[in-house]
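J.: Read top to bottom, the protein sequences are chains D and F. Numbering-wise (this note's numbering), the first sequence opens with residue 713 and increments by one. Numbering-wise (this note's numbering), the second sequence opens with residue 713 and increments by one. Beta carbons are placed, not taken as given, at the ideal position from N, Cα and C, and that holds for glycine. What follows is a single structure, and I will ask about it in a moment.
Number of protein chains: 2
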Amino acid sequence: MEEKPLILITNDDSVKAPGIRALISYIRPFGRVIVVAPDRPQSGTAHAVTIAHPLRLELIVKETDYEEYSCNGTPADCVKLAFKIVMRRRPDFLFSGINHGNNASINIVYSGTMAAVLEGALAGVPSVGFSLNNYSLNANFKPSEKYIKTIAADVIKNGLPLGVCLNVNIPDIPAEEIKGIKVCRQAEGTWEEDFDEREDPHGQPYYWMKGVYVMTGNGEDTDQWAMEHGYIAVVPVQFDLTANHALETLKNRF
Amino acid sequence: MEEKPLILITNDDSVKAPGIRALISYIRPFGRVIVVAPDRPQSGTAHAVTIAHPLRLELIVKETDYEEYSCNGTPADCVKLAFKIVMRRRPDFLFSGINHGNNASINIVYSGTMAAVLEGALAGVPSVGFSLNNYSLNANFKPSEKYIKTIAADVIKNGLPLGVCLNVNIPDIPAEEIKGIKVCRQAEGTWEEDFDEREDPHGQPYYWMKGVYVMTGNGEDTDQWAMEHGYIAVVPVQFDLTANHALETLKNRF
Numbered sequence: 713m714e715e716k717p718l719i720l721i722t723n724d725d726s727v728k729a730p731g732i733r734a735l736i737s738y739i740r741p742f743g744r745v746i747v748v749a750p751d752r753p754q755s756g757t758a759h760a761v762t763i764a765h766p767l768r769l770e771l772i773v774k775e776t777d778y779e780e781y782s783c784n785g786t787p788a789d790c791v792k793l794a795f796k797i798v799m800r801r802r803p804d805f806l807f808s809g810i811n812h813g814n815n816a817s818i819n820i821v822y823s824g825t826m827a828a829v830l831e832g833a834l835a836g837v838p839s840v841g842f843s844l845n846n847y848s849l850n851a852n853f854k855p856s857e858k859y860i861k862t863i864a865a866d867v868i869k870n871g872l873p874l875g876v877c878l879n880v881n882i883p884d885i886p887a888e889e890i891k892g893i894k895v896c897r898q899a900e901g902t903w904e905e906d907f908d909e910r911e912d913p914h915g916q917p918y919y920w921m922k923g924v925y926v927m928t929g930n931g932e933d934t935d936q937w938a939m940e941h942g943y944i945a946v947v948p949v950q951f952d953l954t955a956n957h958a959l960e961t962l963k964n965r966f
Numbered sequence: 713m714e715e716k717p718l719i720l721i722t723n724d725d726s727v728k729a730p731g732i733r734a735l736i737s738y739i740r741p742f743g744r745v746i747v748v749a750p751d752r753p754q755s756g757t758a759h760a761v762t763i764a765h766p767l768r769l770e771l772i773v774k775e776t777d778y779e780e781y782s783c784n785g786t787p788a789d790c791v792k793l794a795f796k797i798v799m800r801r802r803p804d805f806l807f808s809g810i811n812h813g814n815n816a817s818i819n820i821v822y823s824g825t826m827a828a829v830l831e832g833a834l835a836g837v838p839s840v841g842f843s844l845n846n847y848s849l850n851a852n853f854k855p856s857e858k859y860i861k862t863i864a865a866d867v868i869k870n871g872l873p874l875g876v877c878l879n880v881n882i883p884d885i886p887a888e889e890i891k892g893i894k895v896c897r898q899a900e901g902t903w904e905e906d907f908d909e910r911e912d913p914h915g916q917p918y919y920w921m922k923g924v925y926v927m928t929g930n931g932e933d934t935d936q937w938a939m940e941h942g943y944i945a946v947v948p949v950q951f952d953l954t955a956n957h958a959l960e961t962l963k964n965r966f
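Structure (structure tokens):
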């Protein structure tokens, strides 16, 4: 008898977000699912970990082949606690999302959803993050269901190269307009910050961060381009940040 | 008359940490220096940005060619605010640190010091992060002074390739034992988390994160190896996380 794979699901928008509820419903048929997700929104927390205060876990649901916990930490904390405390082992697969918002291009650097995925990959677990290009809580995840299931089934069947995880970004368009899945590289881009400067009732200044994403390189082989042109963009991601092309030049300088 | 370069200095251990005080003293002779650093320790914040509450800046010191501000945000917030509010332009160079602790190998993923450096690189600013392999507030930064000045002078004279920043890790040994500067790639490694499980006075469990760094690949061309063998390890770092070697395999799957 083949044993069901053990699957961790997490996100950064909190355990209550519609995006993770959709992902749970798509992934549950594939195995024994354990959800460990933040108890409140953690967008923009990137790969932060909590070392200055203690972490807590709350069991929310326990059913056959399904458990759900909320945690007061970051997405990376959730993954670490899931492995060490909840599961007492590494899961067979990790899926994160569905994020409410775009994690293509440089957004990956700020993304808690993708930090959880990288944390899985660091531990050798085949891991995939899903994000929909719509920041609203009322976003429609339904058109992506078929593609998320296709990608999850493929990863569960074939695994991923060691040290490689997937960043999947989904266009916010009707199902019939989605052209298919496209494997891409990370687009070049940047956030142009424009702070909203205000004054508090005591006359002291304060600043709200607001940013505009600016794409600086949008070749047809990039995730941002693919998503904007109706494709589900899949980028293989690694955590080795070495700029190999610069090694030789720098060796001549130092 | 040549104008002095405008230099931003930041860190993640707070504006009061001995590491940033040492870095400021080494870098001030090179130009007009503006410090914008967190008002409290932010280790482990990685590339987190603050979007859910407003940011504040406090001017602490203003002298000829020198200003110092503290900020209630993360290191990435500090860099964004420095560019947009304090300087109203991008600086010519960015230096971050000196971090109290090792940022070699996979530590870069969790590092606020290096997130600030990546944030600089994302904006096209030649940026360098310095870290000493000693977590104590009483660490001795003096042996690294000569090397930090050498690296800073080189970057100020020659710049860095666009999109490339430097992660510099310094061994905690006496000056006479330092063998020199070595350009390396990021070592493979991982943190083996081992949570400290406790019970609060109400009988509820809570968890303190504690980790042990485990090196999984320690070739002589890696930063962790170099640092452990008496070298100042310099890794050129990029923010494109695409696992290029996996692109073709995955294109055949999707």
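Which residues, in chain order, does the segment 761-772 of chain F contribute to contact with chain D at a C-beta distance below 7 Å?
T.: V761, T762, I763, P766, L767, R768
J.: Considering D/R733, what are the terminal residues of the beta strand (DSSP E) in which it resides?
T.: Your numbering for residue 733 of chain D matches position 21 in the first sequence. The continuous stretches of beta strand (DSSP E) do not include D/R733, which lies in the alpha helix (DSSP H) extending over residues 730-739.
J.: Leaving out the 5 sequence neighbours to the left and right, which residues in its chain are closer than 7 Å to F/T825 when beta-carbon positions are compared?
T.: Along the second sequence, one-based indexing puts residue 825 of chain F at 113. N723, D724, P787, S808, G809, N811, N815, G841, S843.
J.: At what residue ranges does the segment 818-885 of chain F contain a whole run of the alpha helix (DSSP H), taking only runs of 4 or more?
T.: 824-834, 857-870
J.: Roughly how many angstroms lie between the CA atoms of D/P730 and D/L849, to the nearest whole one?
T.: As a position in the first sequence, residue 730 of chain D is number 18, starting the count at 1. As a position in the first sequence, residue 849 of chain D is number 137, starting the count at 1. Near 7 Å, if we compare the C-alpha coordinates of D/L849 and D/P730.
J.: What do you reckon, are the CB atoms on F/A945 and F/K894 nearer than 8 Å?
T.: Taking the first residue of the second sequence as 1, we reach residue 945 of chain F at position 233. Taking the first residue of the second sequence as 1, we reach residue 894 of chain F at position 182. Yes, the pair counts as a contact, with Cβ atoms nearer than the cut-off.
J.: Alpha helix (DSSP H) containing D/K963: first to last residue?
T.: On the first sequence, position 251 is the one that residue 963 of chain D refers to. Taken as a continuous stretch (DSSP letters only), the alpha helix (DSSP H) holding D/K963 covers 959-963.
J.: With the cut-off set at 8 Å, would you say F/P883 and F/N845 are in Cβ contact?
T.: Taking the first residue of the second sequence as position 1, residue 883 of chain F is located at position 171. Taking the first residue of the second sequence as position 1, residue 845 of chain F is located at position 133. Yes; because the gap between Cβ atoms is below 8 Å, this pair is in contact.
J.: Alpha carbon to alpha carbon, what distance is there between F/H765 and F/I863?
T.: If you number the second sequence from 1, residue 863 of chain F lands on position 151. If you number the second sequence from 1, residue 765 of chain F lands on position 53. Each residue's alpha carbon lies about 37 Å from the other.
J.: In chain D, which residues lie less than 7 Å from F/P741 when you measure between Cβ atoms?
T.: For this step, residue 741 of chain F is matched to residue 29 along the second sequence. Going along chain D, no residue has its Cβ under 7 Å from F/P741, so there is no contact; the nearest lies around 20 Å.
J.: Along the segment 743-761 of chain D, what residues have a CB closer than 8 Å to any CB found in chain F?
T.: P753, S755, G756, T757, A758, H759, A760, V761
J.: Counting contacts by CB-CB distance shorter than 8 Å, is D/V895 in contact with chain F?
T.: The count along the first sequence starts at 1 and reaches residue 895 of chain D at position 183. Yes, its Cβ sits closer than 8 Å to a Cβ of chain F.
J.: With 8 Å set as the bound, which would you pick, yes or no: does the beta-carbon of F/W937 sit closer than that to a beta-carbon of chain D?
T.: One-based indexing of the second sequence puts residue 937 of chain F at position 225. So, not an interface residue.
J.: For a contact meaning CB atoms closer than 8 Å, what does D/Y919 contact in chain F?
T.: Working through the first sequence from its first residue, we reach residue 919 of chain D at position 207. Neighbours of D/Y919 on chain F, chain order: P766, L767, R768, L769, L793, I797.
J.: So D/K774 contacts chain F; which residues on that side make the cut at Cβ distance below 8 Å?
T.: Counting from one through the first sequence, the residue named residue 774 of chain D turns up at place 62. Neighbours of D/K774 on chain F: none; closest Cβ ~16 Å, over 8 Å.
J.: Taking C-beta pairs closer than 9 Å, name the residues in chain D that F/N870 reaches, listed in chain order.
T.: Looking up residue 870 of chain F in the second sequence gives position 158. In chain order: R965.
J.: Please tell me whether F/P855 and F/I818 are closer than 8 Å, where the distance is taken between their beta carbons.
T.: One-based indexing of the second sequence puts residue 855 of chain F at position 143. One-based indexing of the second sequence puts residue 818 of chain F at position 106. No, the Cβ-Cβ distance between F/P855 and F/I818 is not below 8 Å.
J.: Between F/P717, F/A899, F/G832, which lies nearest to F/D789 when the distance is taken from Cα to Cα?
T.: Numbered from its first residue, the second sequence carries residue 789 of chain F at position 77. The candidate whose alpha carbon is nearest that of F/D789 is F/G832.
J.: Given this structure, state the Cα-to-Cα distance separating D/M713 from D/L771, to the nearest angstrom.
T.: Position 1 of the first sequence, counting from 1, holds the residue named residue 713 of chain D. Position 59 of the first sequence, counting from 1, holds the residue named residue 771 of chain D. Only weak support exists for where D/M713 lies, its pLDDT of 48 falling under 50; the coordinates are left without a value.
J.: Have a look at D/V947 and D/A758 and give me their C-alpha separation to the nearest angstrom.
T.: Here residue 947 of chain D refers to the residue found at position 235 of the first sequence. Here residue 758 of chain D refers to the residue found at position 46 of the first sequence. For D/V947 and D/A758, the distance between alpha carbons rounds to 18 Å.
J.: Could you tell me whether any Cβ in chain F is nearer than 8 Å to the Cβ of D/I860?
T.: Indexing the first sequence from 1 puts residue 860 of chain D at position 148. By this cut-off, D/I860 is not an interface position.
J.: Can you tell me the Cβ-Cβ gap for F/A835 and F/R802, rounded? I've got them flagged as a contact below 8 Å.
T.: The residue you call residue 835 of chain F lines up with position 123 of the second sequence. The residue you call residue 802 of chain F lines up with position 90 of the second sequence. F/A835 to F/R802, Cβ: 6 Å. Contact.
J.: Which stretch, first to last residue, makes up the alpha helix (DSSP H) that contains D/D725?
T.: To locate residue 725 of chain D, count along the first sequence from 1; it is residue 13. Where D/D725 is concerned, there is no enclosing alpha helix (DSSP H), given that its DSSP letter is neither H nor E.
J.: Please report the distance separating the alpha-carbon of D/V867 from that of D/P838.
T.: Indexing the first sequence from 1 puts residue 867 of chain D at position 155. Indexing the first sequence from 1 puts residue 838 of chain D at position 126. C-alpha separation (whole angstroms): 7 Å.
J.: For F/E905, return the contacting residues in chain D, with the cut-off set at a CB-CB distance below 8 Å.
T.: Reading the second sequence from its first residue, position 193 is the one you call residue 905 of chain F. Going along chain D in sequence order, the residues near F/E905 (Cβ under 8 Å) are K792, F795, K796.
J.: Can you check whether the C-beta of D/A711 is within less than 8 Å of a C-beta belonging to chain F?
T.: Because chain D in this structure spans residues 713 to 966, residue 711 of chain D falls outside the shown range and cannot be described.
J.: Given this structure, state the Cα-to-Cα distance separating D/G931 from F/E900, to the nearest angstrom.
T.: As a working note, residue 931 of chain D is residue 219 in the first sequence. As a working note, residue 900 of chain F is residue 188 in the second sequence. Approximately 31 Å between the Cα atoms of the pair.
J.: Measuring CB to CB, does F/L793 end up less than 8 Å from F/V748?
T.: The count along the second sequence starts at 1 and reaches residue 793 of chain F at position 81. The count along the second sequence starts at 1 and reaches residue 748 of chain F at position 36. Yes. Within cutoff.
J.: Should F/E780 and F/V791 be called a contact, given that it needs their Cβ atoms to be closer than 8 Å?
T.: Sequence index remark: in the second sequence, residue 780 of chain F carries index 68 (1-based). Sequence index remark: in the second sequence, residue 791 of chain F carries index 79 (1-based). It is not a contact, given that the beta carbons lie outside the stated cut-off.
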